[in-house]
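Everything below concerns the one structure shown next.
In this note's numbering, the protein residues as written are 803 to 978.
What follows is the structure, given as structure tokens:
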């Protein structure tokens with residue numbers, strides 16, 4: 803989870819600093835990060851070498867070691883880190899997260915997303931903006947092809963707002 807998250811954030815242009823106690827984990831992603839450290843983040847002295855005062859957020863991606871996760875969050879709070887996000891694997895873990903900025907539940911989120919995609923027959927991509935607002939990207943069902951957008955009454959009938967409409971499909975050749 804942490805390696806994928808770090809790689810995605812770095813690909814988006816964020817400056818990512820990776821920390822792991824396992825050198826193999828760090829080696830596998832170090833080329834995609836601004837800096838990487840092999841250290842025991844449960845050790846307060848070890849954490850002191852990190853640029854914690856100048857980061858926008860710290861994400862504790864440990865899920866399988868409850869004690870380490872709670873200790874690291876406690877140390878980060880003690881060191882006055884601005885924003886702390888932490889991964890939780892169950893309800894007990896979530897309860898011990900000490901009022902941090904965000905509790906991450908990647909397994910539950912991934913399962914929820916897959917269930918929603920299956921419900922949509924796998925033909926849509928979407929993301930949730932808030933508790934009641936989603937943005938969907940989907941192909942128009944065959945039975946709606948040929949109708950003018952105004953004829954569909956999407957907002958009046960279904961409470962949907964059309965943001966964009968793409969006609970045709972993008973085709974790439976060997977030149978891109």
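Beta carbons are placed, not taken as given, at the ideal position from N, Cα and C, and that holds for glycine.
This one's a predicted model, so the numbers in the text were calculated from it and none came from an experiment.
### Query
Taking Cβ positions, are residue 865 and residue 828 nearer each other than 8 Å?
Within the chain shown, numbered from 1, the residue matching residue 865 stands at position 63. Within the chain shown, numbered from 1, the residue matching residue 828 stands at position 26. No, Cβ-Cβ distance for residue 865 and residue 828 is not below 8 Å.
### Task
Going by DSSP, name the residue or residues bridged to residue 927.
The residue given as residue 927 occupies position 125 in the chain shown. Per DSSP, 939.
### Task
For residue 838, name the three-state secondary structure that DSSP assigns.
Numbered from 1 along the chain shown, position 36 holds the residue referred to as residue 838. The answer is strand: DSSP assigns residue 838 an E or B state.
### Task
Hey, could you find the ends of the beta strand (DSSP E) residue 906 is sitting in?
One-based indexing of the chain shown puts residue 906 at position 104. Looking at the DSSP string, the run of the beta strand (DSSP E) that includes residue 906 is 904–906.
### Task
Less than 8 Å between the CB atoms is what I'm expecting for residue 886 and residue 843, so what's the real figure, rounded?
On the chain shown, residue 886 is found 84 positions in, with the first residue counted as 1. On the chain shown, residue 843 is found 41 positions in, with the first residue counted as 1. At roughly 12 Å, the Cβ-Cβ gap does not stay under 8 Å, so residue 886 and residue 843 are not in contact.
### Message
If you measure between the beta carbons of residue 862 and residue 889, is that distance less than 8 Å?
### Response
Counting from 1 along the chain shown, the entry for residue 862 is found at position 60. Counting from 1 along the chain shown, the entry for residue 889 is found at position 87. It is a contact, given that the beta carbons lie within the stated cut-off.
### Task
Have a look at 952, 807, 836, 832 and flag the residue whose alpha-carbon is nearest the alpha-carbon of residue 817.
One-based indexing of the chain shown puts residue 817 at position 15. Closest by alpha carbon: 836.
#### Entry: DSSP-derived helix/strand/coil call for residue 911
Here residue 911 is taken as the residue at index 109 of the chain shown, counted from 1. Residue 911 falls in the helix class under three-state DSSP.
### Message
Please report the straight-line C-alpha distance between residue 807 and residue 832, rounded to a whole angstrom.
### Response
Against the chain shown, residue 807 aligns to sequence position 5. Against the chain shown, residue 832 aligns to sequence position 30. Going from the Cα of residue 807 to the Cα of residue 832 covers about 13 Å.
### Query
With burial defined as no fewer than 16 other Cβ atoms inside 10 Å of the residue's Cβ, what is the status of residue 883: buried or exposed?
Counted from its first residue, the chain shown places residue 883 at position 81. Buried.
### Message
To the nearest angstrom, how far is the alpha carbon of residue 822 from that of residue 955?
### Response
The count along the chain shown starts at 1 and reaches residue 822 at position 20. The count along the chain shown starts at 1 and reaches residue 955 at position 153. Spanning the two alpha carbons is a distance of roughly 53 Å.
### Query
How would you call residue 871, buried or exposed, if buried means at least 16 neighbouring beta carbons within 10 angstroms?
Residue numbering aside, residue 871 sits at position 69 when the chain shown is read from its first letter. Residue 871 should be labelled buried.
### Task
Keeping to the same chain, check which residues put their C-beta closer than 7 Å to that of residue 849; ignore five residues upstream and five downstream.
By 1-based counting over the chain shown, the position of residue 849 is 47. The residues are 843, 877, 881.
### Query
Where residue 905 and residue 913 are concerned, what is the direct C-alpha to C-alpha distance, given to the nearest angstrom?
On the chain shown, position 103 is the one that residue 905 refers to. On the chain shown, position 111 is the one that residue 913 refers to. Each residue's alpha carbon lies about 16 Å from the other.
### Task
Please report the residue range of the alpha helix (DSSP H) in which residue 848 lies.
Here residue 848 is taken as the residue at index 46 of the chain shown, counted from 1. It spans 846–849 - the alpha helix (DSSP H) in which residue 848 sits, taken as one unbroken run.
### Task
Tell me whether residue 812 sits in a helix, a strand or coil according to DSSP, three-state version.
Position 10 of the chain shown holds residue 812. Residue state, collapsed to three classes: helix.
### residue 890 in three-state terms, based on DSSP
One-based indexing of the chain shown puts residue 890 at position 88. The answer is coil: DSSP assigns residue 890 none of H, G, I, E or B.
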